[in-house]
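Novice:
Residue numbers (this note's numbering): 1 to 141.
Right under this line is the structure:
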């Protein structure tokens with residue numbers, strides 16, 4: 001598993017924790033919520049990438065959530081599962097604010113993470129929301 005994939009997983013887990021417990025950004029960024037063994041095995045590149053995603057997503061949370069909301073048809077934002085929401089937030093942040101990362105990579109990574117951590121249908125939901133957001137951002141000037 002590459003460093004960026006590990007970083008995305010750590011970021012998604014951090015945002016999930018933030019949503020569940022209200023953990024502050026400092027706690028999320030120092031990975032103190034991980035056990036020491038796992039924390040010591042995080043490659044530096046993965047940690048740096050995870051911190052970038054965590055901080056950016058939290059700072060732009062209102063914008064990210066609005067972008068996700070705009071992709072929902074016949075679905076209420078409050079009904080999104082917390083795992084799916086954490087994956088969507090990190091990925092939507094990337095689509096909106098990380099132009100150096102190809103959208104296909106962001107979406108494919110989100111789908112894979114949803115398959116590993118979400119429910120049986122999470123990956124389909126995540127794919128639909130993110131693909132809609134990708135199409136919308138590609139049309140924007």
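All residues carry an ideal CB built from backbone N, CA and C; glycine is no exception.
From a predicted model like this one, the values you see are computed outputs, not experimental measurements.
Could you tell me the distance, in whole angstroms, from the CA atom of residue 32 to the CA atom of residue 39?
Specialist: Cα to Cα, residue 32 sits roughly 8 Å from residue 39.
Novice: Counting only beta-carbon separations shorter than 9 Å, does residue 97 have a partner in chain B?
Specialist: The chain labelled as chain B is not found in the depicted structure, where only one protein chain is given.
Novice: Candidates 20, 44 and 70: which alpha carbon is nearest residue 30's?
Specialist: Among 20, 44 and 70, the Cα nearest to that of residue 30 belongs to 44.
Novice: Is the beta carbon of residue 88 sitting closer than 9 Å to the one on residue 101?
Specialist: No.
Novice: Smallest Cα separation from residue 63: which of 123, 93, 73 and 13?
Specialist: Per the Cα distances, 93.
Novice: Exposed or buried, what is residue 99 when buried is set at 16 or more other beta-carbons lying within 10 Å of its beta-carbon?
Specialist: The residue in question, residue 99, is exposed, as its Cβ has fewer than 16 Cβ neighbours within 10 Å.
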